[in-house]
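So the sequence shown is residues 1 to 478, counted in my numbering. Written out below as structure tokens is the structure these notes cover.
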Amino acid sequence: MNSSIRRLGYVIVAMFAVLLAFTSRWTIFDKASLNANANNKRRILEGEYFHRGDIATAHGAVIARSVRGAGGAYHRVYPYGPLFANAIGYSASSIGQAGMEAAWEPELAAAESGTLASLFNRLSGQAPNEGDEVVTTLDPRVQQAAVEGLAGHAGSVVAIEPGTGAIRALASSPSFDPNHLASTAYRKQLNSATDAPLFNRATQASYAPGSTFKVVTAIAAIDSGIASPSSVFSGRSPIEDEGRPLSNFSNEQFGEIPLTTALTFSVNTVWAQVAKRVGKDRFAHYMAALGFGRRQAVGLPADEVRASGEYANGAVIPPTSDLVDVGRMGIGQDRLEVTPLQMAMVAAAVANGGRLMSPRLVSEIVESDGRIARRFAPATYSQAFSSHTADEVAAMMSKVVQEGTGTAAALAGVEVAGKTGTAETSRPGLNQAWFIGFSPIKSPRIAVAAVVENSPGQGGTVAAPIVKRVMEAVLSGR
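So, in structure tokens, the structure goes:
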């Protein structure tokens, strides 16, 4: 009998040990990871009984706030509807969290939500805690211009302040209205849509950059001393590259032309020759300095930001890989997959004298009593290339807008630097139409990248006018 009781006692002790181990894991050791798990809705459900902090624009307009219902529970309201949806995301017990709502959950959530103190406050009728306000760098005027420019077409626009890295617009089209996510029918509609409105094209999409990447090739060639804007190359077409013919657009023929002319008219055969001279090792250096190969910590969840670069089997590969055709990479083809954010960073680096600032979506965190809890100062990502190189590349890009493929981006009385790109897709006759640029050339205020998916047009006719519209919104102060 005593041995049976002893065995039962051992079993009970063992069960308590297992229980203690698992509860310790859930409440202590794995607390952070469990709270951050997208499938864990406990924090969101708890948050319905606390005042979640606002999300505001750079000028103080509230773009996400919590409203208390008749039953005492809070729900999230998005006053601008679809305008900022892909950037700020959503927070709702019916669907979970995404975007900035997810990335800044610790700040937005009430500090004591889920604690005994907060439960006591609620039961005793005291006001619930309020989360901190997240102040973004976004500008409604610039965001609106970007969305209007896309005009419902699938694509994206990213606008960055070159000297600070502040992101003024992060637009993805099509978008969605986060105010309607409580509706099961609306969620089904979004999930079944073939144009993926919940997908943030600005930071998650993978586009071939086309000829916009020639700006990177120009940076690498000029900064390393391989070539100068006046260096002369043959523009004949086609040429042989890796045993295959490489041609200019419509097989257009050029004679001996300087590098500036080759950028102005986007001459593929010249830039392929330049890329081969630059070589894989130099490309690896300059691409890394410009942010390629890494996810950018802009203020979104890591899984909502994609690294740009050469890809193989779904993963980034170094430019030095044997799989890379450096001639075709240099003209924006080969295995290149980039985000609009990345190409806006390239334009911003040229605009800022070769100094690339870390792109960011948040400027400060403000406590409920108005005190600033954290302020995010501009930070240098890298001195990617020299200021002299930046001046020379900017002058070359200005020719693209003055007399080349990017004239549709020209602004009256303001000098604009830019580069077009037209990347073919697997669908005949349809392209990814690109434009990147900045203005003014002296003391630049904004750098922009725009891409329109599956367009029958080219970058200079489709994307350049969008960038022009965004620049006008910034420079006019509308």
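All C-beta atoms, glycine included, are put in the ideal place defined by N, C-alpha and C. Bear in mind the structure is a predicted one, so any value in this text is a computation, not a measurement.
Query, Result
"Taking the beta strand (DSSP E) that T244 falls in, what are its first and last residues?", "For the sequence presented, residue 244 should be read as Arg rather than Thr. Run containing R244: R244 to L246, per the beta strand (DSSP E) assignment."
"Please report the residue range of the alpha helix (DSSP H) in which Q342 lies.", "P340 to A351"
"Report the residue from V215, K188, G155 and I219 whose alpha carbon sits nearest the alpha carbon of F199.", "G155"
"With S94 as the anchor, note down where its alpha helix (DSSP H) starts and where it stops.", "Note, S94: premise wrong, no alpha helix (DSSP H); not H, not E."
"What are the start and end residues of the alpha helix (DSSP H) that includes D391?", "S387 to E403"
"Need the endpoints of the beta strand (DSSP E) that H75 sits in, please.", "Y74 to V77"
"Going by CA-CA distance only, name the one from A64, G72 and A73 that's closest to S91.", "A64"
"Give me the Cα-Cα distance between V451 and A464, rounded to the nearest whole angstrom.", "9 Å"
"Given this structure, state the Cα-to-Cα distance separating F84 from G429, to the nearest angstrom.", "32 Å"
"On the DSSP bridge assignment, give the partners of I317 in chain order.", "E310"
"Over the uninterrupted beta strand (DSSP E) stretch that includes P258, give me the two end residues.", "E256 to P258"
"Compute the Euclidean distance between the alpha carbons of S382 and R355, then round it to the nearest angstrom.", "6 Å"
"Mapping the DSSP letters down to three states, classify T500 as helix, strand or coil.", "Coverage of the chain is limited to positions 1 through 478, which leaves residue 500 absent and any answer about it impossible."
"Quick one: using the 10 Å Cβ neighbour count with 16 as the cut-off for buried, is S363 buried or exposed?", "buried"
"Between which residues of its own chain and A56 is the CB-CB distance below 8 Å, once the five residues before and five after are set aside?", "V62, I63, E133, V134, V135 and T136"
"Excluding sequence positions up to five away, which residues of its chain have a Cβ less than 7 Å from the Cβ of A307?", "G293, R294, R295 and V316"
"Would the stretch 231-248 count as touching the stretch 364-377 if we require 3 or more Cβ pairs under 8 Å?", "no"
"In angstroms, rounded to a whole number, what distance separates the CA positions of P162 and V393?", "15 Å"
"For P527, I'd like the list of residues in its chain whose CB is within less than 6 Å of its CB, leaving aside the five on either flank, ordered along the chain.", "Because the chain is modelled from 1 through 478, residue 527 falls outside the range shown and cannot be assessed."
"Please report the straight-line C-alpha distance between G413 and G96, rounded to a whole angstrom.", "48 Å"
"Going by the DSSP bridge assignment, what does W434 pair with across the sheet?", "G421 and V451"
"Given 8 Å as the limit, is there contact between the stretch 267-279 and the stretch 140-157, that is, 3 or more CB pairs closer than that?", "no"
"Using only alpha-carbon positions, find the residue among T407, P82 and S426 that is nearest to G152.", "P82"
"Does Q253 pass the burial test, meaning 16 or more other C-beta atoms within 10 Å, or should it be called exposed?", "exposed"
"Given 8 Å as the limit, is there contact between the stretch 249-269 and the stretch 397-412, that is, 3 or more CB pairs closer than that?", "yes"
"DSSP puts Y207 in a beta bridge; with which residues?", "V338"
"Would you mind giving the Cβ-Cβ distance between R282 and A220, rounded to the nearest angstrom? I have them listed as a contact below 8 Å.", "5 Å"
"According to DSSP, is L263 part of a helix, a strand, or is it coil?", "helix"
"For Y90, list the residues DSSP reports as bridge partners.", "A98"
"Counting C-beta neighbours from all protein chains within 10 Å, is the total for K188 16 or more, i.e. buried, or is it exposed?", "exposed"
"Give the C-beta separation of D241 and G327 to the nearest angstrom, bearing in mind that I take them to be a contact with Cβ-Cβ under 8 Å.", "4 Å"
"Just tell me which of E256, T261 and S172 has its CA closest to the CA of A341.", "Reading off the sequence, residue 341 comes out as Leu, not Ala. Residue S172 is the option with its Cα nearest to L341."
"Let me check understanding here. Comparing Cα to Cα, which of V67, I160 and I222 lies closest to D391?", "I222"
"Tell me which residues share the same chain as L259 and place their Cβ nearer than 6 Å to its Cβ, disregarding the 5 neighbours each side in the sequence.", "A227, P229 and S231"
"For the beta strand (DSSP E) that R374 lies in, which residues bound it at each end?", "I372 to R375"
"Determine, using beta carbons only, whether A384 and S358 come nearer to each other than 8 Å.", "no"
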